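**Student:** Sharing a structure, written as structure tokens. Questions coming.
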Amino acid sequence: MPADPPHPVDASGTAGPAGRSAGSGPAVMPPGVLADAGELLRALAAPVRIAIVLQLREADRCVHELVDELDVAQPLISQHLRVLKTAGVVQGERRGREVVYRLVDDHLAHIVVDAVAHVQEGK
Numbered sequence: 001m002p003a004d005p006p007h008p009v010d011a012s013g014t015a016g017p018a019g020r021s022a023g024s025g026p027a028v029m030p031p032g033v034l035a036d037a038g039e040l041l042r043a044l045a046a047p048v049r050i051a052i053v054l055q056l057r058e059a060d061r062c063v064h065e066l067v068d069e070l071d072v073a074q075p076l077i078s079q080h081l082r083v084l085k086t087a088g089v090v091q092g093e094r095r096g097r098e099v100v101y102r103l104v105d106d107h108l109a110h111i112v113v114d115a116v117a118h119v120q121e122g123k
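Heads up: the sequence shown is residues 1 to 123, going by full-length UniProt numbering.
In structure tokens, the structure reads:
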């Protein structure tokens, strides 16, 4: 007996039939959008990367400034920046001998700030 084809996943994370009428529930999200959102959240899922995003929310910074502010070794900061850059969270711009990093947009900073605030409220 053949398996039923997978149903698109709605914004609540539940699978449902594709032919919903308008207004009957959350909008159905294409699986590619949800997969991309999952990859983005995975890129943010490390304490050092969260700290980097919080630092870049305040100001653009080069690697040595992040090393000084976060008290984390330079190779580790560079590795985390590479993950964030690959995910499209940060962008680097060469200025002389340094690369200055900045957030691509504020949406992701808001996600991080809200997550940190949520954790702080629970303590």
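Note that beta-carbon positions come from the ideal geometry of N, C-alpha and C, so glycine has one too. In this text the structure is predicted, and so the values were computed from the model without any measurement.
(1) Going by DSSP, name the residue or residues bridged to residue 98.
(2) For the alpha helix (DSSP H) containing residue 85, list its first residue and its last residue.
(3) To the nearest angstrom, how far is the alpha carbon of residue 113 from that of residue 97?
(4) Going by beta carbon distance, what residues of the same chain come within less than 7 Å of residue 60, once the five residues before and after it are set aside?
(5) Which residue marks the beginning of the alpha helix (DSSP H) containing residue 119, and which one marks its end?
(6) Could you tell me whether the stretch 21 to 40 touches the stretch 65 to 78, using the rule of 3 or more Cβ pairs below 8 Å?
(7) Give me the Cβ distance between residue 83 and residue 35, rounded to the nearest whole Å; I'm assuming they're in contact under 8 Å.
(8) If distances are taken between C-alpha atoms only, which option among 122, 115, 117, 52 comes closest to residue 76?
**Tutor:** Looking at the coordinates:
(1) The residue you call residue 98 lines up with position 98 of the sequence shown. Bridge partners of residue 98: 95.
(2) On the sequence shown, position 85 is the one that residue 85 refers to. Residues 74 to 86.
(3) For the purposes of this step, residue 113 is taken as residue 113 along the sequence shown, with counting starting at 1. For the purposes of this step, residue 97 is taken as residue 97 along the sequence shown, with counting starting at 1. Straight-line Cα distance between these residues: approximately 31 Å.
(4) Counting from one through the sequence shown, the residue named residue 60 turns up at place 60. For residue 60, where only same-chain residues beyond five positions count, the Cβ hits under 7 Å are 100, 101, 102.
(5) Position 119 of the sequence shown, counting from 1, holds the residue named residue 119. It spans 106 to 121 - the alpha helix (DSSP H) in which residue 119 sits, taken as one unbroken run.
(6) no
(7) Working through the sequence shown from its first residue, we reach residue 83 at position 83. Working through the sequence shown from its first residue, we reach residue 35 at position 35. Actually they are not in contact, since the Cβ atoms of residue 83 and residue 35 sit about 17 Å apart, beyond 8 Å.
(8) For the purposes of this step, residue 76 is taken as residue 76 along the sequence shown, with counting starting at 1. Looking at the Cα atoms, 52 is the closest of the given residues.
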